[in-house]
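Below is one structure, written out as structure tokens, with a few remarks after it.
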Amino acid sequence: MTTIGRNEPCLCGSGKKYKKCCGKAGAVHIDELVAQELDTLQAQLYDYIATTNSSEIEAEYHAQLDKMAMMKADQDVFEMAFVSWYGVSRKLEDGTRLIDGFIEKHSSTISRPQTKEIVESWKDVRLTAGSVKMLDDKTVIVTEVGTGETLQVKEKFGELEAGSFFLGILLPYKDSYLPFAQYFIYPTIEEAASEIVKNRVEQDQAESLHDYLCTHYLTLADLSFVLYSTKKEKQDNNAVEQKEDEVKEVEAETAVVEEREDGDDSDWMQPSYQEAFDALNQFLQEKGENSQESKLLNRILEAYLSAERPTIRNPKIYSAAVVDVTKNIDGIGISYLQKDLAEAFGVSANSISRRSKQIWEKHQETIMELMKQPV
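This is the structure in structure tokens:
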């Protein structure tokens with residue numbers, strides 16, 4: 046990170062002393078100021094693409110969605126992936142891309158030379174795929190399929206599992222890259238996914254991996270989800286075969302749920318389910334929510350868990366999802382944005398969205414019946 050003395054010329058290129066320019070706000074590193082501006086500009090770029098209304102974009106969206114096997118079930122993820130891919134890869138009638146139009150429109154409004162130079166370099170956006178490993182908590186190294194080139198990517202990444210596969214759209218950032226909008230990291234499938242990519246690039250006779258992904262980015266993202274899901278299922282099955290007690294547990298969880306008589310359903314509660322209830326009630330109490338409506342959310346969670354008997358890894362996802370379900374219910378005063386729920390429960394907004402959608406779609410009738418019952 047670059048530091049500078051107060052009386053030295055400001056690194057932003059204004060010609061002023063640092064203390065009278067970027068140093069006015071206090072001891073802030075120039076790199077931090079540039080990073081903040083780039084974050085804002087990335088968001089503006091995404092919005093610029095997303096709000097460009099045309100029949101061509103709409104038609105392409107539905108054409109690509111129809112090809113999806115896994116992402117069709119999570120259209121929030123698909124939409125973000127589609128918008129970012131379309132904006133950097135699809136050429137308009139005049140031969141330019143939407144990212145080119147954004148840069149041309151906004152470049153003249155950027156006052157800081159360093160920021161302007163980086164944004165203008167975004168014209169060389171790069172679509173890539175490859176194996177990934179952590180360098181530190183804000184940097185990963187992607188070893189690109191085919192070329193073997195190593196690309197340094199800056200982002201606030203969480204923990205990565207061994208054998209992870211990266212697929213993303215990279216915006217140049219000095220001697221490294223920033224991931225644009227929706228990127229993907231799939232655990233455990235690096236070897237299989239890399240082999241598939243190599244074969245498909247060769248079969249397509251594409252000049253480069255980037256060129257191949259300009260056409261097939263979404264297809265590869267969806268295929269990678271299928272690979273991960275299949276491998277995870279096999280791993281789970283192998284683990285079940287090795288342990289008899291796990292076999293019994295899986296059989297109990299996947300058995301068809303029959304109607305139970307009163308008093309015959311006392312043993313379905315698991316420790317992880319109780320954790321979900323505890324997290325839900327702690328949140329509702331901290332927010333001071335209406336006790337009657339809070340009891341209704343407890344009933345919804347109970348109805349879902351007792352019917353589905355899911356294997357829960359993170360109970361708080363289910364707690365947050367039940368709160369999120371209220372957006373579908375008229376006449377209830379509990380309402381929170383997914384991003385706020387994600388922060389409050391310490392889970393991802395995408396996880397909440399997926400689980401909330403599942404709860405509502407599979408148990409909508411049950412929920413509406415619970416609404417009619419006295420609490």
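For the sequence shown, our numbering puts the final residue at 420, and the numbers step up evenly by one. Don't be surprised by glycine CBs; every beta carbon is placed ideally from N, CA and C. Owing to the predicted nature of the structure, the values given are computational and were not obtained by experimental measurement.
| Just curious, the beta strand (DSSP E) that P224 is in, first and last residue? | It spans S221 to P224 - the beta strand (DSSP E) in which P224 sits, taken as one unbroken run.
| query | Which runs of the beta strand (DSSP E) spanning at least 3 residues fall entirely within the segment 149-223, listed in chain order? | reply | 171-181, 184-189, 195-199 and 210-218
| message | Between which two residues does the beta strand (DSSP E) holding I230 run? | response | F229 to Y231
| Residue from V368, D385 and C66 with nearest C-alpha to K430 | Outside the displayed range of the chain (46 to 420) lies residue 430, so it cannot be described from this structure.
| Should I163 and L83 be called a contact, given that it needs their Cβ atoms to be closer than 8 angstroms? | yes
| field | Delimiting residues of the alpha helix (DSSP H) encompassing D249 | value | E235 to D249
| T371 burial status per 10 Å Cβ neighbour count (16 or more: buried) | buried
| Assigned secondary structure, P355 (DSSP; H/G/I helix, E/B strand, else coil) | coil
| said: Quick check: the segment 256-264 against the segment 129-142, are at least 3 beta-carbon pairs closer than 8 angstroms? | reply: yes
| Residue from F229, R400 and G203 whose Cα sits closest to the Cα of F435 | Residue 435 is absent from the structure shown; the chain starts at 46 and stops at 420.
| query | Going straight from the alpha carbon of M125 to that of E320, what length do you get? | reply | Taking the straight line joining both Cα atoms gives about 32 angstroms.
| Around the Cβ of A366, are there at least 16 other Cβ atoms within 10 angstroms (buried) or fewer (exposed)? | buried
| field | Short Cβ contact (8 angstroms threshold) for T421 with L143 | value | The requested residue 421 does not occur in the structure, where the chain is confined to residues 46 to 420.
| message | Does the CB of P217 have a neighbour CB from chain B at under 8 angstroms? | response | In the structure shown, chain B cannot be found, because there is only a single protein chain.
| query | What number of angstroms, rounded off, separates the C-alpha of A108 from the C-alpha of S176? | reply | Approximately 29 angstroms, taken between the alpha carbons.
| query | G136 by DSSP, collapsed to three states: which one? | reply | For the sequence presented, residue 136 should be read as Lys rather than Gly. In the three-state reduction of the DSSP assignment, K136 falls in the strand class.
| Test item: CB-CB of Y273 and I234 under 8 angstroms | yes
| field | Euclidean distance between Cα positions of S129 and T85 | value | 15 angstroms
| Contacting residues, own chain, Cβ-Cβ under 6 angstroms from T411 (five flanking each side not counted) | A348
| query | Between the beta-carbon of S364 and the beta-carbon of A394, is there less than 8 angstroms? | reply | no
| query | In chain order, what residues of the same chain have a beta carbon less than 8 angstroms from the beta carbon of P54, not counting five sequence neighbours either side? | reply | Hits under 8 angstroms: G60, K61, K62 and Y63.
| said: Rounded to whole angstroms, what is the Cα-Cα separation between L263 and I357? | reply: 29 angstroms
| message | Could you tell me the alpha carbon to alpha carbon distance between G140 and G146, rounded to whole angstroms? | response | 11 angstroms
| field | Where D267 falls, given that 16 or more other Cβ within 10 Å makes a residue buried | value | buried
| request: Determine, using beta carbons only, whether P217 and S156 come nearer to each other than 8 angstroms. | output: Not closer than 8 angstroms, so no.
| field | With 16 other Cβ atoms within 10 Å as the buried cut-off, status of E278 | value | exposed
| Limits of the alpha helix (DSSP H) - the one that S396 falls within | A394 to K417
| said: Less than 6 angstroms between C-beta atoms, sequence neighbours within five positions excluded: which residues of the same chain meet that for S239? | reply: Result list for S239: V190, in chain order.
| message | In this structure, how does DSSP classify K112 when only helix, strand and coil are distinguished? | response | coil
| query | How would you write the range of the alpha helix (DSSP H) that T85 sits in, first residue to last? | reply | I75 to A95
| CB-CB under 8 angstroms to Q315, same chain, minus the five flanking residues each way: which ones, in chain order? | I357
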